[in-house]
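With the UniProt record's numbering, the residue at position 198 of the sequence shown is 198, and numbering never jumps.
Contents: one structure, followed by commentary.
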Amino acid sequence: MSRKNPIEQILSLRGYQEAQAIEEFLSPRLSSLPHPFTMLGMKEAVAEVLRAIDEGLPILIWGDYDVDGTTGTSILVNFFERIDVKVYWHIPSRLTEGYGLNLTYFQNLPWAEEHFLLITVDCGISNATEIEAIKKRGGRVIVTDHHQLPKRVPNCTVLNPSNEKCPFYGTSLAGVGVAFYLVAGVRNALVSGELNGKYSQSTPNLKSFLGFVAFGTLADVVPLTPVNRLLVKAGVESFARTEFIGLQALLESSDIADGSVTSDDIGFNLAPKVNAAGRYGVAHQVVELLTSKEAEPAYKIAKTLTKLNNDRKLLCKENMAEIETLLHIETIKADACIIVEGDFFEGILGILASRLVDRFHLPAIVFSRAADGDLKGSARSIEEINILDVITETSFLLKKFGGHKMAAGMSMSPLNFAAFRSAFVENLQRAEVKEIKQESRYELDASVEQVFNPDSLALYQKMEPFGPGNPQPTFYDAHALIVAARPVGQSKEHLQLTIRGKYGDNIKAIGFNLGEKGRNVIAGSTVKIIFTPTINRFKERVSWQARILDIL
């Protein structure tokens, strides 16, 4: 292939220069995945599951309410149902139960007075106290999680690749990835003849479950390490031809039913809809959808998720307008962070904090009063600051907290808010600040036409999936000739362009939130743009377009 191909040049810039390295990156093989039993705790976890199956114990899956937790829960539920093992599941309400395990739920279960097996998904690592109480009730517990280990780790079987002693440390598996590996370990044991070979013929092919893994991993925005990228790449392909009715319903309700799915489709179209259910306290509907055996209820839930997401967008706009009235620039500069408290919708605190981080490039925490009277807070950070470390230093003021270096959640008495704010700012100013190398805003000088030729686009598609660790290639075109330009969107906040290449080909382009910046862009003008290729879906039509990241 010609060295003039800009995507090949991108691969070279990223270190893929030899033919073998390029082939391994573009076409990785599932056979190269690490074996499940190399994960710390896997042998013990599989033994616990087999014992529960053999003894006929109730099995309860307890998942987090986000996409990562609900997809991981759905993997386990679908797997056990397919081998005809009775399984229960629970997704707590974000609004009334909060994150992680709570003991109130177990008081209402008739079978919880007897022996049972509890498997957590994407949570549990910070619930040592609750797990001790559950064990006293006769429960056996397997924690599958990926969040940072607290000082006190639960005294039970734990699968968590964030443990530095685990051979999977550094893989950055999402919670759904850990759940998938548990299922892979159990399947491996059953196929090998455990339990007298009773289930050796009924275990499903796990490739069909990879769509769930891709969904949860992309939604959780974890780094696309080689293991994650391989799982997601295979999962995106599986997603497009999924046999699961719930995933089919999601695709069709989002006008993605042409047999092709991209990481953008999952991360920016589907994930917000599923997350919306968690934000409104009805994440159980997601597991009902993803484990559905009937089309009609599945499609009904999928439409409900779309409505919830539209409601969420409106609520975000209203809450951000309220936050604007609380911001004091001088205080933000002095504190080197943003901490606001108000009557915000609890389910979107993380989104609000993220938007503040995007605007100010500083850590942000947004608090709101919960139904129980406590303040619930959601924190987001920048790469330079490990926000969980800073929050941990203030833990004496908190009732609950947890998370990782870029995001965390917490709850406290309102009486502690002023003290927390002071302590957080003080600890933040003492915190170790990681130096981040300033990178160029684009990777390569290349015209829109050079990028939008068939060879380049074919190679670009092979680079999928994109995300942290494998970002979308970005290009700089200093001479983009504008054929047409117009503002679009409800408030004319976006910019739609038609760009002509040097051979006269017209290429559609969209610049989100560039309406104001593009006021002077008119037909016939030449502009400097930073862009990336993307697929545009409109009803049943699929086409390539440039996503304009900035106009210089």
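Just so it is clear, CB atoms sit at the ideal spot from N, CA and C, and this is done for glycine as well.
Whole-Å CB distance - residue i paired with residue j, under 8 Å assumed
{"i": "Ser378", "j": "Gly402", "result": "Actually they do not touch by this definition, with Cβ atoms about 12 Å apart."}
{"i": "Ile530", "j": "Tyr476", "result": "6 Å"}
{"i": "Tyr181", "j": "Pro36", "result": "5 Å"}
{"i": "Val488", "j": "Gln496", "result": "5 Å"}
{"i": "Ala480", "j": "Ile499", "result": "5 Å"}
{"i": "Val213", "j": "Val176", "result": "5 Å"}
{"i": "Gly246", "j": "Leu95", "result": "Actually they do not touch by this definition, with Cβ atoms about 23 Å apart."}
{"i": "Asn416", "j": "Glu393", "result": "Not a contact, Cβ separation roughly 14 Å."}
{"i": "Ala174", "j": "Asp68", "result": "5 Å"}
{"i": "Thr355", "j": "Met320", "result": "Checking the sequence, you will find Arg at residue 355 rather than Thr. Contact holds; Cβ gap of about 6 Å."}
{"i": "Val227", "j": "Pro468", "result": "The pair is not a contact, with the Cβ atoms about 14 Å apart (cut-off 8 Å)."}
{"i": "Cys316", "j": "Ile348", "result": "6 Å"}
{"i": "Ala249", "j": "Ala302", "result": "4 Å"}
Length of the line joining the Cα atoms of residue i and residue j
{"i": "Met1", "j": "Ala21", "result": "Only weak support is given to the placement of Met1: the predicted model assigns it a pLDDT of 43, under 50, and the value that follows is read from those uncertain coordinates. Roughly 15 Å separates the two Cα atoms."}
{"i": "Ser202", "j": "Leu50", "result": "15 Å"}
{"i": "Pro297", "j": "Leu289", "result": "8 Å"}
{"i": "Lys43", "j": "Gly15", "result": "37 Å"}
{"i": "Glu23", "j": "Asp122", "result": "33 Å"}
{"i": "Leu109", "j": "Leu57", "result": "14 Å"}
{"i": "Asp264", "j": "Glu114", "result": "46 Å"}
{"i": "residue 553", "j": "Thr120", "result": "Given a span of 1 to 552 for the chain in the structure shown, any question on residue 553 remains unanswerable."}
{"i": "Val527", "j": "Ile548", "result": "11 Å"}
{"i": "Ile387", "j": "Phe424", "result": "10 Å"}
{"i": "Leu60", "j": "Leu210", "result": "22 Å"}
{"i": "Lys273", "j": "Val87", "result": "26 Å"}
{"i": "Lys517", "j": "Ile535", "result": "23 Å"}
{"i": "Glu40", "j": "Ile256", "result": "Here residue 40 is Leu; the residue named in the question, Glu, does not match the sequence. Computed Cα separation, rounded: 38 Å."}
{"i": "Phe512", "j": "His494", "result": "5 Å"}
{"i": "Ser447", "j": "Val521", "result": "18 Å"}
{"i": "Thr171", "j": "Glu237", "result": "21 Å"}
{"i": "Pro533", "j": "Pro454", "result": "12 Å"}
{"i": "Arg279", "j": "Gly197", "result": "43 Å"}
{"i": "Gly216", "j": "Glu432", "result": "31 Å"}
{"i": "Val381", "j": "Asn275", "result": "The sequence shown places Ser at residue 381, not Val. Approximately 20 Å, taken between the alpha carbons."}
{"i": "residue 553", "j": "Phe80", "result": "What is shown of the chain runs 1 to 552, which leaves residue 553 out entirely."}
{"i": "Gly515", "j": "Glu318", "result": "20 Å"}
{"i": "Ala19", "j": "Ile510", "result": "34 Å"}
{"i": "Val191", "j": "Val77", "result": "19 Å"}
{"i": "Asn5", "j": "Asp550", "result": "23 Å"}
{"i": "Arg137", "j": "Pro154", "result": "16 Å"}
{"i": "Ala353", "j": "Glu346", "result": "12 Å"}
{"i": "Glu443", "j": "Asp372", "result": "49 Å"}
{"i": "Leu552", "j": "Ala133", "result": "59 Å"}
{"i": "Arg229", "j": "Ala407", "result": "22 Å"}
{"i": "Leu375", "j": "Thr291", "result": "34 Å"}
Buried versus exposed, by CB contacts within 10 Å (16 or more), residue i
{"i": "Ile7", "result": "buried"}
{"i": "Pro465", "result": "buried"}
{"i": "Val542", "result": "exposed"}
{"i": "Trp62", "result": "buried"}
{"i": "Arg441", "result": "exposed"}
{"i": "Ala184", "result": "buried"}
{"i": "Phe452", "result": "buried"}
{"i": "Ser162", "result": "buried"}
{"i": "Ser27", "result": "exposed"}
{"i": "Thr474", "result": "buried"}
{"i": "Glu48", "result": "buried"}
{"i": "Gln17", "result": "exposed"}
{"i": "Lys233", "result": "buried"}
{"i": "Arg187", "result": "buried"}
{"i": "Ala45", "result": "buried"}
{"i": "Arg312", "result": "buried"}
{"i": "Thr71", "result": "buried"}
{"i": "Arg140", "result": "buried"}
{"i": "Phe367", "result": "buried"}
{"i": "Thr242", "result": "buried"}
Residue i Cβ short of 8 Å to the ligand MN heavy atom set
{"i": "Ile119", "result": "Among the components modelled here there is no ligand, and therefore nothing to report on the ligand MN."}
Hey, which unbroken runs of the alpha helix (DSSP H) at 4 residues or more fall wholly within the UniProt domain "DDH" (59 to 192)?
As far as the UniProt domain "DDH" (59 to 192) is concerned, its whole alpha helix (DSSP H) runs of at least 4 residues are 67 to 82, 128 to 136 and 175 to 191.
Touch check for the stretch 198 to 217 and the stretch 147 to 160: three-plus C-beta pairs under 8 Å?
These segments do not touch.
Within the stretch 269 to 313, ranges of the alpha helix (DSSP H) (whole runs, at least 4 residues):
Complete alpha helix (DSSP H) runs here, min 4: 271 to 279 and 284 to 290.
Could you check whether the stretch 358 to 366 touches the stretch 324 to 340, counting it as contact only if at least three pairs of C-beta atoms, one from each stretch, sit closer than 8 Å?
The answer is yes - the stretch 324 to 340 touches the stretch 358 to 366, with three or more Cβ pairs under 8 Å.
Starting from the N-terminal side, write out each stretch of the beta strand (DSSP E) that is 3 residues or longer and does not extend beyond the stretch 406 to 475.
Look at the stretch 406 to 475 and you find these whole runs of beta strand (DSSP E), each 3 residues long or longer: 407 to 412.
Start-end ranges of the beta strand (DSSP E) lying completely within the stretch 339 to 406, minimum 3 residues:
Runs of the beta strand (DSSP E) inside the stretch 339 to 406: 364 to 369, 375 to 380 and 400 to 403.
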